[in-house]
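Just so we're aligned: 226 in the numbering used here is position 196 of the sequence shown, and the numbers increase by one with no gaps anywhere. Yeah, the Cβ is synthetic: ideal placement off N, Cα and C, and Gly gets one too. Note that the structure is a prediction, hence the values are computed from the model and not measured. Data block below; observations after.
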Amino acid sequence: MSVHLHWFLPTGGDGRTLVDRHAYTDGGIRRDRITPVSGVRAPDIEYLTQIAKAAEQLGFEAVLTPTGTWCEDAWLTTVALTQVTERLKFLVAFRPGVISPVLAAQMAATYQRISRGRLLLNVVTGGDSTEQRRFGDHLGHDRRYARTDEFLKIVRGVWEGRPFDFHGEHYQVAGGLTALPPDPLPQIFFGGSSAAAGPVAARNVDVYLTWGEPPEEVKQKIDWIRGLAEKEGRTVRFGIRLHSISRDSSKEAWATADRLLDDLDPETVAAAQQALGRSESVGQQRMLALHGGSRDKLEIAPNLWAGVGLVRGGAGTALVGSHAEVADRIEEYHSLGIEHFVLSGYPHLEEAYWFGEGVRPELAARGLLEAGPAPLTGVPAANGRPASAPGGAPLLVAGGR
Numbered sequence: 031m032s033v034h035l036h037w038f039l040p041t042g043g044d045g046r047t048l049v050d051r052h053a054y055t056d057g058g059i060r061r062d063r064i065t066p067v068s069g070v071r072a073p074d075i076e077y078l079t080q081i082a083k084a085a086e087q088l089g090f091e092a093v094l095t096p097t098g099t100w101c102e103d104a105w106l107t108t109v110a111l112t113q114v115t116e117r118l119k120f121l122v123a124f125r126p127g128v129i130s131p132v133l134a135a136q137m138a139a140t141y142q143r144i145s146r147g148r149l150l151l152n153v154v155t156g157g158d159s160t161e162q163r164r165f166g167d168h169l170g171h172d173r174r175y176a177r178t179d180e181f182l183k184i185v186r187g188v189w190e191g192r193p194f195d196f197h198g199e200h201y202q203v204a205g206g207l208t209a210l211p212p213d214p215l216p217q218i219f220f221g222g223s224s225a226a227a228g229p230v231a232a233r234n235v236d237v238y239l240t241w242g243e244p245p246e247e248v249k250q251k252i253d254w255i256r257g258l259a260e261k262e263g264r265t266v267r268f269g270i271r272l273h274s275i276s277r278d279s280s281k282e283a284w285a286t287a288d289r290l291l292d293d294l295d296p297e298t299v300a301a302a303q304q305a306l307g308r309s310e311s312v313g314q315q316r317m318l319a320l321h322g323g324s325r326d327k328l329e330i331a332p333n334l335w336a337g338v339g340l341v342r343g344g345a346g347t348a349l350v351g352s353h354a355e356v357a358d359r360i361e362e363y364h365s366l367g368i369e370h371f372v373l374s375g376y377p378h379l380e381e382a383y384w385f386g387e388g389v390r391p392e393l394a395a396r397g398l399l400e401a402g403p404a405p406l407t408g409v410p411a412a413n414g415r416p417a418s419a420p421g422g423a424p425l426l427v428a429g430g431r
């Protein structure tokens, strides 16, 4: 079982601090309680192209593209980026409740033809009712997962290339059909920590994603989903979503984490925690419980830092350490059954180089990566910065994003 490395495409903007522009009071509508965020890199197609090309050159298999109010549309953005990349796959996040399952199946088939088979799907059921209502979705938490269950059954049914009928609580389809099914069928990624989410994963998905909790808690999730899948006669693979701060030495990495933390004033943290605390997502509540809103004891397991989650929703932990230490932690998660590592860092362009030129060779030397196209190499920089990184190591400026 090899490690599959993926990066992240920041379609909501990027920058040099942890402050996400959507992690505000009232879900991002009011900004008056937050210190202004400067230095944000707009998610224009030119900048996203830089990240996509860097990820491809550095040997990442795919990039995850998020979904939501504060992001560019994932389908449209990534299909544009397929035209400026060659091998890179795109893990497209979308909400099943705001699109017809038959249309989604057709869109995936078209995408596969345009991209020559480079689509992966990340199904996001949604854990925030305020966000869901913006898109016209008024179902409660558990009913949203029940609808996702039906949605995925229909998608797989119409991908068979013959008329498909379905009569459920949320969908009624008569003769649903994808005339030209996608080839290959996109792998379906899915996450959810609630009791309602587990059976949906067990019955329908290829890869179950968890956020970066300590190894013992990740193992409990793997055992839970694996047991449910076995009852369904299925096998599910596993992935994890983490940030990364990897440097030539552990001291440098932790100094970077400290500077990121120093950029966060108490008001920003308090407002973000208030907003995130209203989430219905069990996974989000588990992320918040890792730090309790406090800056104390943020290293919750060796090289696992919960500082990101003080202000960022969703994935709130980072692997922090030397390249070898970060590789050690990846190897530890891999030994539990994790195959897919979906990684990111602030800023995403520079951190892709730190990881790709630092950690990836460590993993390759340990035999954890499949043989594939070698990442491009450059002339080592005299100052010890990554050889290819634009501007070298990211300089974290107080008050910047």
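Considering only the alpha carbon of each residue, which of T47, I360, P40 lies closest to V341? Along the sequence shown, one-based indexing puts residue 341 at 311. Comparing C-alpha distances from V341 to each of T47, I360, P40 shows the shortest one belongs to T47.
In three-state DSSP terms, what is D44? Taking the first residue of the sequence shown as position 1, residue 44 is located at position 14. Collapsing the DSSP output to three states places D44 in a strand.
Spell out a yes or no on whether the stretch 81 to 98 and the stretch 33 to 45 are touching, meaning 3 or more CB-CB pairs, one atom from each, closer than 8 Å. These segments touch.
For W100, which of helix, strand or coil comes out of DSSP? In the sequence shown, residue 100 corresponds to position 70, counting from 1. W100: coil per DSSP, three-state reduction.
Taking only three categories from DSSP, how would you classify N333? Here the question's residue 333 lines up with position 303 in the sequence shown. Here DSSP, grouped into helix, strand and coil, assigns N333 to coil.
What's the gap between the Cα of A176 and the Cα of L182? Residue 176 sits at position 146 when you count from the first residue of the sequence shown. Residue 182 sits at position 152 when you count from the first residue of the sequence shown. Straight-line Cα distance between these residues: approximately 10 Å.
Can you name the start and end residues of the beta strand (DSSP E) that T140 belongs to? Here residue 140 is taken as the residue at index 110 of the sequence shown, counted from 1. Boundaries for T140: no beta strand (DSSP E) harbours it, while the alpha helix (DSSP H) harbouring it runs 131 to 145, taken from the DSSP string.
Of the residues A204, L239, P377, E199, the one placed nearest G187, counting alpha carbons only: Counting from one through the sequence shown, the residue named residue 187 turns up at place 157. Ranking A204, L239, P377, E199 by Cα distance to G187 puts A204 first.
From G222 to R316, what does the alpha carbon distance come to, in whole angstroms? For the purposes of this step, residue 222 is taken as the residue at position 192 of the sequence shown. For the purposes of this step, residue 316 is taken as the residue at position 286 of the sequence shown. Roughly 11 Å between the two C-alpha positions.
Is it buried or exposed, K281, if we count other Cβ atoms within 10 angstroms and call 16 or more buried? Position 251 of the sequence shown, counting from 1, holds the residue named residue 281. When all chains shown are included, K281 counts as exposed.
Using the DSSP secondary-structure output, state which residues sit across from G206 in a beta bridge. Residue 206 sits at position 176 when you count from the first residue of the sequence shown. Answer by DSSP bridge pairing, in chain order: F194.
List the DSSP bridge partners of T155. As a working mapping, residue 155 is identified with position 125 in the sequence shown. DSSP, once it has assigned bridges, lists no residue as partnering T155.
Could you tell me the distance, in whole angstroms, from the CA atom of A331 to the CA atom of S159? For the purposes of this step, residue 331 is taken as residue 301 along the sequence shown, with counting starting at 1. For the purposes of this step, residue 159 is taken as residue 129 along the sequence shown, with counting starting at 1. Roughly 32 Å between the two C-alpha positions.
With 16 other Cβ atoms within 10 Å as the buried cut-off, status of M31: As a position in the sequence shown, residue 31 is number 1, starting the count at 1. M31 comes out exposed.
Cutoff 6 Å; reference D236; Cβ partners in own chain excluding five residues on either side: For the purposes of this step, residue 236 is taken as residue 206 along the sequence shown, with counting starting at 1. Within the same chain, D236 has close Cβ partners Q217, I218.
Whole runs of the beta strand (DSSP E) within the stretch 261 to 336, excluding any shorter than 3 residues: DSSP runs (the beta strand (DSSP E)) wholly in the stretch 261 to 336: 267 to 277, 329 to 331.
Check for me: the beta strand (DSSP E) holding W384 runs from which residue to which? Here residue 384 corresponds to residue number 354 of the sequence shown, with the count starting at 1. Careful: W384 lies outside any beta strand (DSSP E), inside the alpha helix (DSSP H) at 378 to 395.
Backbone CA spacing between A394 and L207 [nearest angstrom]: To locate residue 394, count along the sequence shown from 1; it is residue 364. To locate residue 207, count along the sequence shown from 1; it is residue 177. If I take the Cα positions, the gap works out to 43 Å.
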